[in-house]
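Oh and the sequence shown: position 118 is 163 in the numbering used here, straight run, nothing missing. The beta-carbon is built from N, C-alpha and C at its ideal position, and this holds for glycine as well. Comments concern the structure below.
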Amino acid sequence: MDAETDLETALLGPVLADRACGECTACCEVLTVDTPDFKKPGGTPCVHLTARGCGIHAVRPHICRTWFCAWRRVAALPDAARPDRSGILASLDFVKSPRNPFEGVSIMVRMLPGSDAIESGMAGAILDSLCNRLVPVWFGDGTKKMLMHPDNQVAGFVISGEAAPAHLSDEVAAWRERYGVFGEGG
Ligand code: SF4
Ligand code: SF4
């Protein structure tokens, strides 16, 4: 998990000094935690979560001390995008058996239950802030997840290994260099 935490700093940036979790506890409810010293299922509140926040704050597990969502790391995300206020939780996501090159390590943008982030425009603002780097971005609405970045055309060329047209070739080459090992394995 430490390696993953380092990846978070490399791909999302360091934790920002001027952003605090405040009353937000979205990650304590939504996320799956599976580390040697602490596990919790996703989509259900942690057994230690109380109405006033973490009930074991002073002795909370290592992962809870070192993990931060994208809002705590990416300055380009709007201040109003704090998960409990925006209805969106974005974070780095790791899939152990990825089905394609964009799934192993990516940014997952999740709609929280009851969120109105699509109607309010917040979902679009958050995606705009995250879909500008060489890190895949997925959007999950609670029932399915969709690849938002790179776009379908670029993703298709990266996965198929086919030659891309000139206007896409640099972008396809950059994604392949970082994520293209799948295509070469057949
Ligand atoms: S989801 Fe982000 S802002 Fe909310 S408690 Fe977790 S790390 Fe803090
Ligand atoms: S131990 Fe505390 S900080 Fe960690 S998930 Fe549970 S409530 Fe959240």
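Assuming residue i contacts residue j under a Cβ cut-off of 8 Å, what Cβ separation, rounded to an integer in Å, is found between them?
{"i": "Val-71", "j": "Leu-157", "result": "A small fix is needed here, since residue 71 is Ala in this sequence, not Val. Going by Cβ atoms, the distance from Ala-71 to Leu-157 rounds to 6 Å, so yes, they are a contact pair."}
{"i": "Ile-171", "j": "Ser-131", "result": "7 Å"}
{"i": "Val-241", "j": "Arg-221", "result": "The first residue shown for the chain is 46 and the last is 231, placing residue 241 beyond what the model contains."}
{"i": "Thr-95", "j": "Gly-87", "result": "About 19 Å separates the two Cβ atoms, so there is no contact after all."}
Start and end of the alpha helix (DSSP H) containing residue i?
{"i": "Ser-165", "result": "162-165"}
{"i": "Ser-214", "result": "211-224"}
{"i": "Asp-129", "result": "128-131"}
{"i": "Val-75", "result": "71-75"}
Just to confirm the assignment, what range does the beta strand (DSSP E) spanning residue i have?
{"i": "Ala-65", "result": "No beta strand (DSSP E) holds Ala-65; DSSP gives it neither H nor E."}
{"i": "Arg-110", "result": "Careful: Arg-110 lies outside any beta strand (DSSP E), inside the alpha helix (DSSP H) at 107-111."}
{"i": "Phe-202", "result": "Taken as a continuous stretch (DSSP letters only), Phe-202 belongs to no beta strand (DSSP E), being part of the alpha helix (DSSP H) at 197-205."}
{"i": "Arg-155", "result": "150-156"}
{"i": "Thr-80", "result": "78-80"}
{"i": "Val-34", "result": "No answer is possible for residue 34: it lies beyond the span of the chain, which begins at 46 and ends at 231."}
{"i": "Ala-83", "result": "Looking at the sequence itself, residue 83 is Phe, so the reference to Ala does not match. Note, Phe-83: beta strand (DSSP E), 83-85."}
{"i": "Lys-190", "result": "190-194"}
State the Cα-Cα distance for the pair residue i and residue j, rounded to the nearest angstrom.
{"i": "Val-92", "j": "Arg-144", "result": "32 Å"}
{"i": "Arg-117", "j": "Arg-223", "result": "25 Å"}
{"i": "Phe-139", "j": "Pro-210", "result": "31 Å"}
{"i": "Met-153", "j": "Gly-100", "result": "27 Å"}
{"i": "Leu-213", "j": "His-107", "result": "43 Å"}
{"i": "Ile-163", "j": "Thr-80", "result": "33 Å"}
{"i": "Gly-166", "j": "Ala-208", "result": "36 Å"}
{"i": "Gly-98", "j": "Asp-196", "result": "38 Å"}
{"i": "Lys-84", "j": "Cys-109", "result": "11 Å"}
{"i": "Asp-186", "j": "Arg-155", "result": "6 Å"}
{"i": "Asp-63", "j": "Ser-205", "result": "43 Å"}
{"i": "Asp-161", "j": "Pro-128", "result": "12 Å"}
{"i": "Asp-51", "j": "Val-150", "result": "13 Å"}
{"i": "Lys-190", "j": "Gly-67", "result": "28 Å"}
{"i": "Gly-169", "j": "Ala-125", "result": "13 Å"}
{"i": "Arg-105", "j": "Thr-188", "result": "31 Å"}
(request) Please write down, chain order preserved, every residue whose beta carbon lies under 5 Å from a heavy atom of ligand 2. (result) Cys-73, Cys-91, His-93, Leu-94, Cys-99, Arg-105, Cys-109
(message) Can you tell me which residues fall inside 6 Å of ligand 1, judged by beta-carbon distance to its nearest heavy atom, and keep chain order?
(response) Cys-66, Cys-69, Thr-70, Ala-71, Cys-72, Phe-113, Cys-114, Trp-116, Arg-117, Arg-127, Pro-128, Leu-134
(message) Under 8 Å: do the stretch 112-126 and the stretch 52-60 share three or more Cβ pairs, one atom per stretch?
(response) yes
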